[in-house]
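Protein chains in written order, with the numbering used here: chain A, 4 to 491; chain B, 27 to 351.
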């Protein structure tokens, strides 16, 4: 991960490096030029020195010839030594072009010193004429030296002309180069800085965009940030947050859905209860009357009627009480039996109930008043229309983690459209004389109760009756139904 | 957007980088190294050719010949001298050459005491060999090692013979010479006289002048006044010829006169080409230069010691106007 700080450091380092290298180059070049200028100046100075020393030699010689004292002689010797030194330093000026003249020049200096010595010698031997002749010659030679100095300087200028020009040209070029470098570096840095700032701001922008998306409530889009710095870390964290929020939202939606389903089921229950209540003007009054009727019938010896009345009372009580909480299959079967007793009284021989019940399965929990409406449906549609009566089979079997309840009749069968309506829980207008709870209602409550949709199968063939199979899980997926009921 | 900006900045940057590169290359290329310094002196012989007629075609050719020869034999030759016969300066140059202790001096001879003094005393004192070239000064006076150049006597004789064959053996002939009467001029005159004196019908008038223009024209006028019958002019100093011809031309036609000259003045060839003069002695300056250097080197290396004191003669040729058309 390249941190933003490191990026900034890198940029600064690159800028520093470029600056430093340019500075070093310029300094190096300036130093070089300075050295060259020094060299050139040194050459001219050396030549000038020879000229001045030679004329001083002549001057000193003149003084000595006028007043030949030891002091003047020694001062002449000193000047001569200086001339000798200048001569030896002039050797360093030799190059291809001035070789000849330089040799001549040095020989001229030698000649000057020889002539000077000759003059001194003649003077010491008191040959004045010879001495002054030699002095005149020395003077001439000294003049020749200064002329040759000019010639040397001339050669020097010619030889070095191109060099001097190149120095000037180079300085000129350097100025241009400096401007170009400045421009190139300015724009290079601009470009680099632009890229660099992009590498920081682009992830930030991407992140901002993602945040805006989230703010608008779009949690589905994945957050992608092309970066490898701190922003990328932020983005990853942000992405994780988004995923979490998304999951939470999905969960909340699920919950809301369940909630609404519960609401619906509660409404359904209310409806059931309402219908029950509508059908029972005053249940207790009715129970009391039924009890009284039952006892009266019993006292009057109509035991069958008495039993029937008890069944009716029990059915009514169950209807009133058991709608709002889960019951066991055992209770349901009992109610079904009571119902069938009542119906048997009505249909006498025409109705036959065959039960085949696995007693182990009776403890399974289920919503109240589930079987009775189905049986009732079978009675109304399967038995009633048939003059010769029919048979209803109730079969409860254990199927591993499910309890299977099969209810079959041998009536005329059911219209497939109607089956479809029931399975899709559409409200079906109850037909006249039912207890009031429709088949659709039952299906709905079963599904809500177990939290699975695959709880019922209905198959029917023309003339073969209706075959209803309930598949009740032994364990419920959730008990939200209960809670919701409790609250309600 | 980002791409456009990047592209724009990038291309600008690339353009500037390109110019920077060009400028940098130019900058590097513009550096010119100073000439290599030399730590040791050349072992070659240092020779100096001194003349007082620098820049004339004649001496240019002498110089070329000498240079070529020097280069061939590995000697270092410098040509010193003065323009337009500045004798003072010429002598100074000679003295500088001697004081500079060159290995050998090839010098245009000048028949003058100061010259002789330098060559005989000072050069001998420093042990510097001197060879005269083109103009000679006798060995007895100059202590020169040898002379390289045209045989002046022979040249005079050639002109004399040509005059006789052109003019016949009757007539007045004017010899125009420099009043300084240098050695080679004397030689030329004696060469001419050696031929003309055999013909009694020919009278010789010797006229001298300095090399100033008025002097020459005055002398020419004078001689033409004094000797109206003059038939031929021989200029023994080439430097006098142009003014002389001009003066004659001013008086009358030049055609009737037989005019002869030597070639060591740049204007002579043009005069010959225009037919103003009837003949010119052409010398071999290149050969003089070459031979001069050659002889000097052979003396310095000890190949030929002593050199021929009489001198080494170079070729001469008589040229007519027809030859140069």
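Backbone N, C-alpha and C fix where the C-beta goes; we use that ideal spot for every residue, glycine too.
Shorter than 9 Å from the beta carbon of residue i to some beta carbon of chain A?
i              : result
residue 36(B)  : yes
residue 326(B) : no
residue 64(B)  : yes
residue 329(B) : no
Compare the C-alpha of residue i against each of the options and name the closest.
i              : options                           : result
residue 307(B) : 297(B), 154(B) and 171(B)         : 297(B)
residue 213(A) : 242(A), 204(A), 193(A) and 199(A) : 242(A)
residue 311(B) : 95(B), 169(B), 40(B) and 168(B)   : 95(B)
residue 230(A) : 251(A), 208(A) and 222(A)         : 208(A)
residue 352(B) : 190(B), 38(B) and 233(B)          : Outside the shown range of chain B (27 to 351) lies residue 352(B), about which nothing can therefore be said.
residue 369(A) : 345(A), 449(A) and 389(A)         : 449(A)
residue 195(A) : 16(A), 300(A), 64(A) and 234(A)   : 16(A)
residue 88(B)  : 169(B), 318(B), 218(B) and 139(B) : 318(B)
residue 233(A) : 8(A), 474(A) and 342(A)           : 8(A)
residue 349(A) : 120(A), 43(A), 476(A) and 315(A)  : 315(A)
residue 335(B) : 345(B), 342(B) and 321(B)         : 321(B)
residue 274(A) : 441(A), 329(A) and 305(A)         : 441(A)
residue 460(A) : 476(A), 454(A), 453(A) and 422(A) : 422(A)
residue 211(B) : 163(B), 258(B), 47(B) and 345(B)  : 163(B)
residue 246(B) : 199(B), 343(B) and 61(B)          : 199(B)
Below 9 Å between beta carbons: does that hold for residue i and residue j?
i              : j              : result
residue 141(A) : residue 115(A) : yes
residue 271(A) : residue 335(A) : no
residue 466(A) : residue 393(A) : no
residue 134(B) : residue 85(B)  : yes
residue 112(B) : residue 78(B)  : yes
residue 328(B) : residue 188(B) : no
residue 217(A) : residue 245(A) : yes
residue 174(B) : residue 156(B) : no
residue 214(B) : residue 128(B) : no
residue 360(A) : residue 397(A) : yes
residue 382(A) : residue 395(A) : yes
residue 386(A) : residue 337(A) : no
residue 201(A) : residue 28(B)  : yes
residue 185(B) : residue 283(B) : no
residue 165(A) : residue 58(B)  : yes
residue 475(A) : residue 330(A) : no
residue 123(A) : residue 64(A)  : yes
Could you pull the DSSP bridge partners for residue i from this structure?
i              : result
residue 176(B) : 340(B)
residue 72(B)  : 102(B)
residue 476(A) : 405(A)
residue 355(A) : 394(A)
residue 412(A) : 395(A)
residue 368(A) : 331(A)
residue 199(B) : 230(B) and 258(B)
residue 463(A) : 469(A)
residue 284(B) : 258(B)
residue 204(B) : 235(B)
residue 98(A)  : 63(B)
Can you find a CB in chain B that lies within less than 9 Å of the CB of residue i?
i              : result
residue 483(A) : Unreliable placement is indicated for residue 483(A), whose pLDDT of 48 sits below 50; the coordinate value is still reported in the next sentence. It does not; no Cβ of chain B falls within 9 Å.
residue 187(A) : yes
residue 18(A)  : no
residue 453(A) : no
residue 490(A) : Confidence in residue 490(A) is poor, its pLDDT being 42 and thus under 50, which makes the residue's placement too unreliable to answer from.
residue 198(A) : yes
residue 22(A)  : no
residue 227(A) : no
residue 45(A)  : no
Could you list which residues in chain A have their beta carbon closer than 8 Å to that of residue i, in chain order?
i              : result
residue 43(B)  : 187 and 191
residue 139(B) : Going along chain A, no residue has its Cβ under 8 Å from residue 139(B), so there is no contact; the nearest lies around 16 Å.
Residue i versus chain B: which residues are under 7 Å apart at the beta carbon?
i              : result
residue 173(A) : 53, 56 and 57
residue 103(A) : 72, 102 and 104
residue 165(A) : 58
For residue i, go through chain B and note every residue whose CB falls closer than 8 Å to its CB, in chain order.
i              : result
residue 100(A) : 61
Residue i versus chain B: which residues are under 9 Å apart at the beta carbon?
i              : result
residue 184(A) : 42, 46, 49 and 50
residue 147(A) : 118, 121, 122, 125 and 126
Cβ closer than 9 Å: which chain A residues qualify as neighbours of residue i?
i              : result
residue 128(B) : 103, 106, 107 and 110
residue 114(B) : What residue 114(B) touches in chain A: nothing, since even the nearest Cβ is about 12 Å away.
residue 32(B)  : 194, 197, 198 and 201
Could you list which residues in chain A have their beta carbon closer than 7 Å to that of residue i, in chain order?
i              : result
residue 28(B)  : 201
residue 204(B) : Those do not exist, as residue 204(B) stays about 28 Å from chain A at its closest Cβ, beyond 7 Å.
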